[in-house]
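Chemist: In my numbering, the protein residues as written are 3 to 163.
Think of the CB as a built atom: it goes at the ideal place given N, C-alpha and C, for glycine as much as any other residue.
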Amino acid sequence: MKQGQQEPTTITTTTESSQLFHIGTEIASLDQLRDLVGATSCGAIATFLGTTRDTFAVDGVDKQVTRLEYEAYTEMAVKQIQAIAQTTRSKWPDIVQIAVHHRIGVVPAREASIAIAVSSPHRKAALHSVEFLIDEVKRIAPIWKKEVYSDGTSNWKQNCC
Numbered sequence: 003m004k005q006g007q008q009e010p011t012t013i014t015t016t017t018e019s020s021q022l023f024h025i026g027t028e029i030a031s032l033d034q035l036r037d038l039v040g041a042t043s044c045g046a047i048a049t050f051l052g053t054t055r056d057t058f059a060v061d062g063v064d065k066q067v068t069r070l071e072y073e074a075y076t077e078m079a080v081k082q083i084q085a086i087a088q089t090t091r092s093k094w095p096d097i098v099q100i101a102v103h104h105r106i107g108v109v110p111a112r113e114a115s116i117a118i119a120v121s122s123p124h125r126k127a128a129l130h131s132v133e134f135l136i137d138e139v140k141r142i143a144p145i146w147k148k149e150v151y152s153d154g155t156s157n158w159k160q161n162c163c
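Right, dumping it as structure tokens:
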């Protein structure tokens, strides 16, 4: 290097929270989430993909579902999901990265409404934390689901585990 020249600098970036915790009309694929949470220190990446099934029980009777419609208090939901992620990290401290993406709007049968990915050096922490995350997101996050049936009726569903 010649005198007076500066050495090239290396810029290390961290994955932005907006990429890891997202609510919108589109969500990342599991491959994209895997890339977001992956790390060379991790021997496990556990994922969950929640999809719209074509039947739901209403008053003990199966009804044909054409789509789900999600609404959210988006800003608050992202904050709640971030808080859930912090709680998850306290329960499983070796977790390296967490990503949670949830769709809002219309989600037809067979399409994904939520995708979760967690990386960890070992599988048990990643697997257990994914289950905890989906249960807590459904229980706490201000995201509401309306089932729309083939007979033209619909039903708002209560959040629960």
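Could you tell me which residues DSSP pairs with Lys126 in its beta bridges?
Modeler: In DSSP, Lys126 forms no bridge with anything.
Chemist: Note down the Cα distance separating Ile47 from Val120, rounded to an integer number of angstroms.
Modeler: Those two C-alpha atoms are separated by around 5 Å.
Chemist: Contact check, Leu32 vs Ala127 under 8 Å by CB: the rounded distance?
Modeler: Not a contact, Cβ separation roughly 19 Å.
Chemist: If we ignore side chains and look at the alpha-carbon of each, how far apart do Thr155 and Val63 end up?
Modeler: Roughly 14 Å between the two C-alpha positions.
Chemist: Quick one: what's got a C-beta closer than 6 Å to Phe1's C-beta in the same chain, skipping five residues either side?
Modeler: No answer is possible for residue 1: the residues shown for the chain start at 3 and end at 163.
Chemist: Please look up how many angstroms separate the CB atoms of Gln99 and Ala143, rounded, as I've assumed it's under 8 Å.
Modeler: Not really, about 19 Å apart at Cβ, beyond 8 Å.
Chemist: Classify Ala74 as buried or exposed, calling it buried when 16 or more other Cβ atoms lie within 10 Å of its own Cβ.
Modeler: Ala74 is buried by the Cβ-count criterion.
Chemist: On a Cα-Cα basis, can you pick out the residue from Ile25, Val139 and Ala111 that is closest to Arg69?
Modeler: The shortest Cα separation from Arg69 among Ile25, Val139 and Ala111 belongs to Ala111.
Chemist: Do Thr76 and Ile25 have their beta-carbon atoms positioned less than 8 Å apart in this structure?
Modeler: Yes, Cβ-Cβ distance for Ile25 and Thr76 is below 8 Å.
Chemist: With burial defined as no fewer than 16 other Cβ atoms inside 10 Å of the residue's Cβ, what is the status of Glu28: buried or exposed?
Modeler: By the neighbour-count rule (16 or more Cβ atoms within 10 Å), Glu28 is not buried but exposed.
Chemist: Compare the beta carbon distance of Val39 and Glu149 with 8 Å and say whether it is the shorter of the two.
Modeler: No. Outside cutoff.
Chemist: Since I believe Glu71 is in contact with Gly45 (beta carbons under 8 Å), could you give me their beta-carbon distance rounded to a whole number of angstroms?
Modeler: Actually they do not touch by this definition, with Cβ atoms about 39 Å apart.
Chemist: Considering only residues of the stretch 49 to 81, which uninterrupted beta strand (DSSP E) runs meet the minimum length of 3 residues and lie entirely inside it, listed in chain order?
Modeler: Counting whole runs of 3 or more residues, the stretch 49 to 81 contains the beta strand (DSSP E) stretches 57 to 60 and 63 to 74.
Chemist: Taking the alpha-carbon positions, what's the Leu135 to Arg55 distance?
Modeler: Cα-Cα distance, rounded: 20 Å.
Chemist: Using the rule of at least 16 other Cβ atoms within 10 Å of the residue's Cβ for burial, across every protein chain shown, is Ala59 buried or exposed?
Modeler: Its Cβ having fewer than 16 others within 10 Å, Ala59 is exposed.
Chemist: If you compare alpha carbons, which of Gln160, Phe50, Asp37 and Arg36 is closest to His104?
Modeler: Closest by alpha carbon: Phe50.
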